[in-house]
Every structure is written in C-alpha cells, then in structure tokens.
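Residue numbers (my numbering), protein chains in the order written: chain A, 285 to 990; chain B, 285 to 990.
Built from N, CA and C at the ideal position, the CB exists for glycine as well.
Since the structure is predicted, the reported quantities are computational estimates derived from the model, not experimental observations.
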C-alpha cells in the first residue's frame, strides 16, 4: 500500500479524463495546473471529442492510454464515472483521483453510485482519492504535481495536510504561503470511497521530509486504526487536528450519569488527546500552531524569558503567559548582573527584560545569550524604534548566532509591525523557519502550542499497557451471558460486585438480608453505621424511590428502616427485589462510569461525586484502551482536582486505586460488549481503601455477552 | 475643560519646541509630520540655534512666539522641560504635549521633576498630555493634526483611541488602516501628569463623530470618575478596553475568605463590566471588536443565520457559534419553502443554508432577504467558486440592498480568501462599514462582540439605584466607632448582627447563653436542632478551634456541648468569649463578602458555600456601588448557578434576598470606611427566608468609623 501511495504522489504519467478546451471546465483547469506547476512526467488528456487539448495530444479512451500511465484524474459526468473506473482497472491504472461530485453527498442515487464504486475499487484493488474532491498536490525534491483544480500551488516544506473538505482546502492552500508555512503534500479526501486519512497518515509517517501533519476532519473513517497510526507517529512528528462538525447528543435515552454527562465533543477531545494529537478549534489556531511546529524544536519545559524594546508589549506578553500558565520566572541576581554590564540603568531587569528603545542588535544578542541558558524558550520583541541606525536584519543574525550555540531552545520573534521596515528581519528568520509574529499575544500562543505538543510527546512516551495484572473475565461472561439470555437490562448489586471483584476492584462490604435477624447481625459486625438499600436489576435510580436509608447505628433504627424498605418493595411491585446492607463508608466521593460512543466505542468518565459536579459537568473522559498514565491525566484534568489533593487537613486521595478502576472498566468494556453503560456512583476513597459503593449496570441484550 | 480639549485637538497654530534639522531628531520628525499630514494652521519651530528648520522660520524662544499659538509640543532635554512649561504658562499657551521622557518612569530624580511639573500645571491651569508620550493625532472634517513622532497617520472615522503606552500606540496606528478601522483621534497619555483618560473620555463622549472608543490602559487614573463617565457614555457608544498589567495580589495578610479569593484581575473584570465597557484581552480581539462596532448596529438578540456556498466553512461557523452560545436556529418550514423556490435541490436547507458553489449574487440576495427577517443577524460566507461569471461585488450590492430594507440587522461577510479575487467585494462592503473576514470563526467572534455589547447596553439601561429602601447607619456608626476607639480589629457576632439588621438584612435567630439553663430554654423554644459557637471578636476562624458544635437536639447533647465549649474558652484564654446559640438552619449555603481593593475600593464577592467552591474559586465580584441588576448579574455569573435554580426536586432559590444582601453590603462598605473585610459565611437560603448564619467583620481601626 505504501509504495502505491508513493506512486500516487510521484506518478510518471498522468491522464486527465474529461479534459476539454471549454472555458471554466474543471478537467481543463486541472490539465493547466499540471502543466503550470512544472510536472516533469507525461500528461495525457482523454476525450473522444478532441484531437488536442491545450497543445497536448488527446486520447480517445482510457483503454488506449500508454502503458506508463500510473495516475488518472477523472473529472467527468457522474454517470460516466463507474465505466471510466472500470476501464482504468482493466488498463492497469491503479491510482485514481475522482473529482466528480454527485455521490453519497447527493441523495439516494448518488449513494447507489458510490456503493458500486466501492465494489469496483475492491475488485481492481485501486487507490482512489475522492469522489467529490478537489484533488491532490505534492511538491518535494524532484516532484511537482498539482493534480487539482486549486488556484494555488504549494511552496514545498515540512508539512503534510489532509483535508476532508474541499472548499476549506482551497482557502487553506491560499493561506499557507501567506502564513509562511512550507507544505509539501495536500490531499483533499472528499467522500473517502477508497483512501482515507489513515492511508495518507501512514504515507506521511514514513515520509522523511514530513515534519508535521495537519488534518481537517468532519468525521473519522476508522477511529481505532487512526489511533494506532497516531500512536506510532506522535513521538516523531506532531499531528494537529481541526475537527469540525459537533453533532448533537444522540437522542437515545440514557440510564446512567455517565451517559447523560458524555457529550460527543468531550469524547472527541479525549480521543485526540489519547492519540497524542494537538486539537485546535479554529483555522487561524491551526496555521499558527503549524508555523511554530515546522521548525521541529520543542522546549524542555514552560519557562520563558521575554526580551523587549517596548515596555507595553512586554507587559501584554507577560499577561498572556500568565493566562496560559506559561512561567515567566524572575531572573537570578547573577543573570541580572550580567545584563547590567551592557544595558543602561533605565532598562527593566525583571522578566520581561525591558531593554528600552536604545537597544541595538548587539544588546539583543548578548541579552538573549545571557538569559536563554536559564529558561526553556524566549520571546524576543523587537520593533525598530524611530531612531535606529542598523539594518534590522542584524537582530535576526544575532538571534541565529545564539541559536547555533543553543539549538534545542525555541526562540520566537515579535515585531509589533507588519510593515516593510521589518521585512528584512522577518525574511532572514523565515529562512531558518524561525517564526515571527506581529502581536505579542500571538507569539505567546505559539509558545503555548510548543508546550502542549511537548506535553503530548511526554505523555506518549509514558503510555504503558492498560492491564498489567492478570484477571479473569470468566465471571463477567457467565453473569452477563445469563442476563442476556434472560433478556434483562440490568444486574443485581451482587452480580455487579462479583464482576468488579473478578477484575480486581474493591467493592464496599455488603450482604443481602433475608431477615431482620440477619440485619441485626450485620449491624453488630459492622461496628459502625450501615446503609440499607433496595436492590433489583429493574431499579436503576434508588434515590428516586426512597430505596436507600443511611446512617443506621442503633437496632431501633435498623428495625424501622428494614420495615420501611419492605413496604416500599411491596408498593413498587418488585417481588424479586431484595434488601442490601452495606457498611457506611466516609471519605471523598467520586463517580466513575462507562458509556459507549457510536464512533469511538467505550468511553470512561471520571468526576467528583455530588450535585455541584453534576451541575458544573466537571468530568473528564477517556476512550478505551486507557493506559495508566492516560487515566492519571483524566483524573488530574477535572477542575475540582485540588479537592483530591491534601485539602483542609485531609490527606491527598491515593490516585492508584482510581487509576485501577478507570483502566479496568476500560478493559471490561472491551471484554464485554453487552455492557451498554455502567456507573460506579459513588466510589468512596477512604483512608483504608477505595471502594465501589453503588453499582449500576445497563445491559444491552442485543449485544453478545462476550 | 471640554472647550480647552477641543482646542488641543483643533489648534490654530502649533509650536514645536526643540525642532532641529538633525537626522533622527524627535522634534524634527514631529515638525515633518505636522507638515506632511496637511495641518492647515501655522507651524512654529522653536530653537535658539537655527534661523529656519525644514523651511519654517524658527523662533528663538517660547516667549517670542506669536499670540495665536495655542498648542506647544515639547521635545527637548528633560532638564529644560520645567523651564519651557513655565514659559508656555507665562506666554498664555495652555495646551501642551510633552514628548520628553525621563520623568516618573525613570527613578527618583524623574519623580521629583514630575512633581514640579504637576505644580506648574496647577499653577498655570494647563492642559498637558504626557510627559513621556509619543503625542496626539486627530483627523476629522476640517482638521488634520499629526502632533506625534508616529510614522503613521490616521484615515479618519468613527473611532477614538486613548493609549497609555506609546510603543503599542504606534503598532496600533500601523494596524488600524490594515484592519479597515476608521480612527479620528489618537491620544498617547504617557505619564498622565496632567490630562488622563478621563479627560479625553469626556471629550470623546461629546464628539458627535465618535461612534466607538478604544482604551489601552495599564492602570486607571481615577476609577470612580472613570465609572461615572462611562455610565454616561455606554448607552450611546461602545467602549472597548484592553487592560494590561495584571499585578500580583497584594502582600497584605487577609483574614476573610472574600479577601483570599479576590484577585485584582477579577475585580478589574467586575469593574469594567459594571462600567458597561467591553473588556478584551488581546490586541487582535480589540481590533476585531472595533471593526464590527464602528458600523454602530447592534443585534436585538443572538439568533443568527449562516448562508454559505462552501459547506465546510458553514460547519466551522456553526461550531464556533455553538462554542460562544450564539443561537443558529433551524429555519421555519415556511422560510425553507421560499428558499426552495430558487435554490437547487442539492442545497442544504438547514442553518447553515448551504447554497453550494452554483449560488450567484441573486441567490445570495434572495436568500438573505428570505432568512434575515426571522433572525437577529446574518453571516454571509461567499468565496468565489472556480467557475463564477459575475463580478464579485454584485454579492456586496445584493447584501446592501437587503440592508437598506432591514437596516437594524448586522450582516457580516466571510470570504475565505484575502486574495485579489475578493478585493472588489471587500472594498464595496468597506465603503458602507460592513466588515468582512477571511475566516468563518473570526466572523463569528465579531457577532459575539455585537451580542456582548448589546447585553452591556441592556444592562446599563436596567441599572437602577442600589438602595431603594430607607435604612439607618446609626447603629453601624455607633458600634464601629466604639470598636475603633477601643482599637479592636473584630466585632462580636451580636454587634455584627445588629449592624446587618439595621441595614434590613435577616440574621439567623440567636442568643448568648449566660448559663446552661438558658441553653435548655433556647433548645426548647427552637423546636429543632441548634448550634453552639464560641463568640469573641478575637476569634476569626471558629472551625479551626473546634469552636462550633452542630446538630444539638437532646438536652444531654446540649450539656455535653456547653461544657466542652466552656473548656475550649478556658484553654484559649479568651475571658471575654461567650457562648452563642443559634437555630440550625437547613437550606442552600452561600458566601457573600466584602473586601477593599486599593484602586477600586469596596468589592463584594458572591459564591456558593462549601469546599468545592473554594477549590474552584467559583466566585463573582462587583465593585461598589452595585445596582440590583448588577447584583443579579453577579449571582447568575458563577458557574455553579444551576445549583440555585430548581434542582433535584428543590425549588429555585429566591434571588431577591441575595440581591438585597449584595447591594446592602456594598452600601455598608461606602458608609463605613473602617470595615476592612466582611464575610457572611454561610448565608443560608431556606424556604422560609434567607439568613446570615455566621458573620465576620474585620475592622481597620486606622480608618474612620464613618
């Protein structure tokens, strides 16, 4: 496959099927683009109506194309597409770009056509981009290929761009050059009847020229495959994803808290984070991230020095750092003393270092060299002051000399101007892929991108296997098999507890009370307050039916509670319901649950228990499989995390048991497809251990138990 | 004052003191700028060393300047400034711009010079901009004045810009034209030894040409005055503020929760919101906001229609709307039917309306007219498709025709391109101040700005008097006067309760127990559980000293609790401590407090009680005075507000008593300067009323009691 895709991007001879001299014809535009971009191979228009098109000899049919044709672009009426694809297959042309629209995006007839197209792709084992796309563009050493109807070509460079949308694709092509982005590959996927983002990701992963990848997606072709590929790529090259098209939450009723709190977009966020991809939310953010990533240097940490000759801009940069959690540390006395050797007394020796308007290129070079060693990155703000006698590019040269000595520290430049007076500086920096920005906040955002990508890289290196301990899924399969066989949609607490225990998770001590005597006995043994609950697989929300009585300490209270629950059982007409007794645990309450997303599969939710969390929707998600370090990231990423640390005299909550629960629920979801939803609400973290206190399984009996 | 400032901006004759033919001289640059901008009045260089400068006759001294001189620009050595200012005063030149730096920004000697400068300003009643500034620029009908050393002039237009920083000022001047912003007034305040932002705000408030105001500030000269002026302006013209320079929280120890949760930046946020100003955090955000505000049309609500000929861009715009809470409502069946009359069947009839690439200017005009009536604003995305036979500006003309019929609805355009192919469209729109954007998200952000400014305008209209009911401050003054006289830093609960009651606030029923017998009696009358607390003005944090015992229902428990607290009192060596009994209230717990900010004065904090809120810092602030509608905004702006609405079977909390507490604490802060901090923590909202349950006053005995 990879060789074939390389051929798709580096063809020897390209046929343009449907090329005509007609004004505004798409195929004609593609033919012109191929020629204009400097494509070195042969170009063959195919059209029975013409002898020549744009000076090229025209072939009357695909079957008559020369042997060396290894890429065909189809830009013809949709009713002719299937026939042309078949002809390509027969002629041995295996790489196709189908520009033509009117397929699955255009109603029932189009869907049927696309179905047949898929059959042909499979039959002839074709590499097909499209249909309904604007084409592909590639530019790298030895190759210039514009097989698209775009008005813009690429400059070449370290970035590969895969776009599901065509209309945005062209906007982006136009913008790349403006933004100083070096792009070597552009693929507009269109309907993805054949090749998907995953195929091209594999291709770009192995392309040594590609240093960063950008994807615009509205949906994922195959999320699991995507994740596997990204887990291979993301320690090597950053992947930036602009995922658009937030869908409304599915209309299906959900029984669990997890289900009601899971939004499709929160799951996409979790999924991309786990893939190690940088998710951006706007096109501008994407371009800005790619600009700073194409240099390929990530900071070791988030400590930044700011050098400036304009005080206000330094303040704005420092403010922006504070907002984004980037550290602008005070400089050591030693560093300040060194700065005093050459900066005037009126300069500001804090961080930002305000070198005032008199600073020349020599001052910038010395100040950068003096300060950069003690931080992870630098933002250099230089706006030529009114009185300035040096060529501005000297400042760039000074920066480059410092970088030659400290090549692993990112330095970003801010000019406070986009006018001609800074152009020589900006261009000199651009030659070395050092990004420059007009506004200080934009430079700070770029530092933030570097820090976030670094954190993703570190997380990817820490990712380990989800389930290190052995466990048995026998109990789960037995219990769920029986529930499915009986057509049940829930489990008893006891069944749920058995499944969790078989995965090595701790459940709060409990017993079913067959009589009041057993209750008295349980209370005595508990040596502390207990809780009584009604348990039935049909009863999903105990609190709504007054099916829970807490704080039972005296035998008198026990008798009262027991009789009350018996009464409730009778009134609810649940003859199979039983009374469950549990020790009453005190500690910090958490909620951990499992839900299934139609695209991404099992998702695990983590949050702190209680009404406030529900109102704030302060929960985090992970998509199965979840490594221990990913589980820890989930736990740490809720806003209320400070409550789990040492707080108001309570010791910090032990995170290990919580990580266990998250990773094991994630595994259970994979092992047991019939578990549609699962809530452990609450899980209580006590000084003596962390226990699932209530357990709600929702079974989908239409799925297999294993 | 206003007439004088008008003269400052519209002088008849300008003297440039220090002008010289020397290359790079600041005064020489100003002279050149004055001439180059087309200033219609006389220009007089002042310099004893030259006969002429740049062709202008040079005056040897200020005292010899012609009578009609009504503005002097000083760009001379700092040691000559005081003398020159005095000379201007003597010569009757009352408007001065002092460019020279080296004053209070430059150490002790500079501070002394600035002090003397202030004396001269007062003595001669001068209007002085600066020192340490880049000057002022004004362009409006009949006036062209560039009295600055900026390399850029203004285009004229509806925006007035006041900047505290000079270096950023020039960056912004450069950017205005690029950003399509019409600016008529630019003031760089510099050190504000004389005129401040408040003087120029008053000037711009009365300038009929000024439609929007932009301020870049690092601090407020006089916050109270600023607020008074903005309260007058903000129903007329929007004010956009970029406030930079977040300061670290003061090092002073704070006793209250309110104090510990108040960050200077949260107070600035509250202050600007109450002023009715739109706070932005980046320069780009400021420019983008001003671009959309200069047209001066605000939407009635936040319902937006999106028209597009590029599907992906429509999705991105809709996503961005969802993120910002802008409503993209489904179109009615009626509207869809009308669209079907002219759009092709493959078009998307949702919202966004995807008119596909074949849509011409006529389709855009009809679709806009059809949909705009049922929403508040429109985003029109038009990127010329590859095959497009009309002049692109026809789309602009169609939009303008629709706007002529519906002039009160904002329409924003997104081109997905900044290339020449869209220039005629963009320019046609720009003539009518209709903003166009390259990226869809930027257009959506601009709609968000309009909605936020509209909300501020509505809030300003609703603002009413803070204290409508009569109250007496006699009790407060008596109690605080005594505390201050005794040098105390706290009050007893009883004293605090008396003050709150005198302001008409409800305090939880309580009694001091002089004996155990009184406790038994209180418990009996309470007919429910009670709480015992140790009360002493010296004891600020009761919980830390086990000074609170809750849930006392039986006489046995009462005896135990009473004796335990007596013991604690003895061990703490607080002979003046007393035991306080309160009814134990159940309901939703809130915290309302009062703190004082060094710049803004009294600030009131509102939050929901409990540890989670403290960990999340989920609180909101208001700066005194606080109107009832501002208090309601504070309450509604905490993230956990849903918990105060009907939630899990509990009825919604009555907001009126909370609004009462906020507005009355705000008044109390104004009435009683000796109250340094005040916590009502908790306030409990019960179905029968809302009560202050614990009261902590911190007194600053160095402030007067009234």
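In this chain, residue 507 of chain B is not harboured by any beta strand (DSSP E); it is covered by the alpha helix (DSSP H) spanning 507 to 517. Inter-residue distance for residue 597 of chain B and residue 300 of chain A is about 29 Å (C-alpha atoms, whole angstroms). Counting C-beta pairs with one atom in each stretch, the region 610 to 623 of chain B and the region 757 to 775 of chain B have fewer than three that are closer than 8 Å, which means they do not touch. Taking 3 residues as the minimum length, the beta strand (DSSP E) runs contained wholly in the region 320 to 373 of chain A are 326 to 330, 355 to 358, in order along the chain. Contact with chain B is found for residue 926 of chain A, since one of that chain's Cβ atoms lies less than 8 Å from the residue's Cβ. Here DSSP, grouped into helix, strand and coil, assigns residue 422 of chain B to strand. If the five residues before and after residue 384 of chain B are omitted, its C-beta is found closer than 8 Å to the C-beta atoms of 358, 359, 360, 361, 362, 365, 414, 415, 416, all from its own chain and listed in chain order. By the C-beta density criterion, residue 935 of chain A is exposed, having fewer than 16 other C-beta atoms within 10 angstroms. Here residue 306 of chain A is exposed, its C-beta having fewer than 16 other C-beta atoms within 10 Å.
Around the beta carbon of residue 646 of chain B, fewer than 16 other beta carbons lie within 10 angstroms, which makes this residue exposed. Sorting A:831, A:846, A:787, A:785 by C-alpha distance to the C-alpha of residue 807 of chain A places A:846 at the top. Residue pairing of residue 836 of chain A in beta bridges, as defined by DSSP: A:814.
Within chain A, not a single residue places a beta-carbon under 8 Å from that of residue 852 of chain B; the smallest gap is close to 18 Å. Per DSSP, the beta bridge partners of residue 638 of chain A are A:592, A:632. Contact between residue 911 of chain A and residue 455 of chain B is ruled out by a C-beta separation of about 46 Å, above the 8 Å threshold. Straight-line spacing of the CA atoms in residue 666 of chain B and residue 641 of chain B works out to 9 Å. Of the candidates B:899, B:950, B:898, the residue whose Cα lies closest to the Cα of residue 915 of chain B is B:950. Residue A:518 holds the alpha-carbon nearest to the alpha-carbon of residue 739 of chain A among A:437, A:435, A:407, A:518. Chain B has a Cβ within less than 8 Å of the Cβ of residue 567 of chain A. Counting C-beta atoms within 10 angstroms of its own C-beta, residue 817 of chain B has 16 or more neighbours from the protein chains shown and is therefore classed as buried. Contact fails between the region 340 to 351 of chain B and the region 430 to 449 of chain B, because fewer than three Cβ pairs, one in each stretch, are under 8 Å apart. Among the residues facing chain A, residue 313 of chain B is included, as its CB has a counterpart in that chain under 8 Å away.
Neighbours of residue 980 of chain B in chain A, taken as residues at a C-beta separation under 8 Å, are lacking, since the least C-beta distance is about 18 Å.
By the CB criterion at 8 Å, residue 503 of chain A and residue 529 of chain A fall inside the cutoff. With a threshold of 8 Å between beta carbons, residue 433 of chain B makes contact with chain A.
Ranked by Cα distance from residue 609 of chain A, the options A:728, A:593, A:553, A:713 are led by A:728. Here residue 675 of chain B really is in contact with residue 708 of chain B; their C-beta atoms are around 7 Å apart, less than 8 Å.
Our two residues, residue 765 of chain A and residue 983 of chain A, have alpha carbons roughly 10 Å apart in a direct line.
Within chain A, the C-beta atoms nearer than 8 Å to that of residue 595 of chain B come from 449, 451, in chain order. For residue 753 of chain B, the secondary structure class from DSSP, reduced to helix, strand or coil, is coil. As the crow flies, the alpha-carbon of residue 659 of chain B is around 10 Å from that of residue 590 of chain B. Contact annotation: in the region 292 to 316 of chain B, residues whose CB is within less than 8 Å of a CB in chain A are 308, 310, 313.
When secondary structure is reduced to three states using DSSP, residue 856 of chain B falls in the helix class. DSSP places residue 891 of chain B within a strand segment (E or B) once states are collapsed to three. With respect to residue 710 of chain B, residue 662 of chain B sits apart: the two C-beta atoms are not nearer than 8 Å. Residue 357 of chain B has a beta carbon lying at 8 Å or more from every beta carbon in chain A.
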